[in-house]
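A short worksheet on the structure shown next.
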Amino acid sequence: MSDMEASLRFYRDLLGLDVFFDLQLEGPSMEAVTGDVGARGRMVGGMLGGTVVELLEFAHRGLEPQQHDAKLGYTNISLSVRDLPR
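This is the structure:
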């Protein structure tokens, strides 16, 4: 997303997201995930109706399209299952 504060006004203030972490991301690990030197961003996570929602803002890029070079960047899918054997 391009504007974390606007997203927080929607998810937190309007929908009731209960924020439980707010992290600034930068350095070698962020560069490794994005493939961009100088990469930095912010990740905010919280609970919304029993679901964890993570918001991720990349602060080092503008909104212009990026050249496709097979770098997937940050990808995350998480599932919570009560009874897996069923």
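Quick note on numbering: the UniProt record's numbering labels position 14 of the sequence shown as 14, and the sequence is numbered without any gaps.
Beta carbons: idealized from backbone N, C-alpha and C, even for Gly.
If you draw a straight line from the C-alpha of D3 to the C-alpha of P85, how long is it? Stepping through the sequence shown from its first residue, residue 3 is reached at position 3. Stepping through the sequence shown from its first residue, residue 85 is reached at position 85. Their backbone Cα atoms lie some 41 Å apart in a straight line.
For chain D, is any of its Cβ atoms less than 7 Å away from the one on L56? No chain D appears in the structure shown, which is made up of a single protein chain.
Rounded to the nearest angstrom, what separates F10 and L17 at their Cα positions? Mapped onto the sequence shown, residue 10 falls at position 10. Mapped onto the sequence shown, residue 17 falls at position 17. Cα-Cα distance, rounded: 9 Å.
Bounding residues of the alpha helix (DSSP H) (the contiguous stretch that carries V53): Within the sequence shown, the letter at position 53 stands for residue 53. In the DSSP annotation of this structure, V53 is not part of any alpha helix (DSSP H); the continuous beta strand (DSSP E) holding it starts and ends at T51 to F58.
What does a CB cutoff of less than 7 Å around L25 pick up in its chain, not counting 5 residues either side in sequence? As a first step, residue 25 is located in the sequence shown; it is residue number 25 there, counting from the start. Once the five neighbours on either side are set aside, the close Cβ partners of L25 are R40, G41, R42 and M43.
Span of the alpha helix (DSSP H), counted from its first residue to its last, around V33: Locating residue 33 in the sequence shown gives position 33, where the first residue counts as 1. V33 -> alpha helix (DSSP H) spans P28 to T34.
Cβ neighbours of L48 in the same chain (closer than 8 Å, five flanking residues each side left out): Sequence index remark: in the sequence shown, residue 48 carries index 48 (1-based). The beta carbon of L48 sits closer than 8 Å to the beta carbons of Y11, L15, G16, L17 and D18 from its chain, once the five residues preceding and following it are set aside; these are given in chain order.
Is it right to say G27 is buried, meaning 16 or more other beta carbons lie within 10 angstroms of its own, or is it exposed? The sequence position of residue 27 within the sequence shown is 27, counting from 1. An exposed status is given to G27, since fewer than 16 other beta-carbon atoms sit within 10 Å of its beta-carbon.
Boundaries of the alpha helix (DSSP H) in which M4 is found, first to last residue: Indexing the sequence shown from 1 puts residue 4 at position 4. Membership of M4 in the alpha helix (DSSP H) is indicated by the continuous run M4 to L8.
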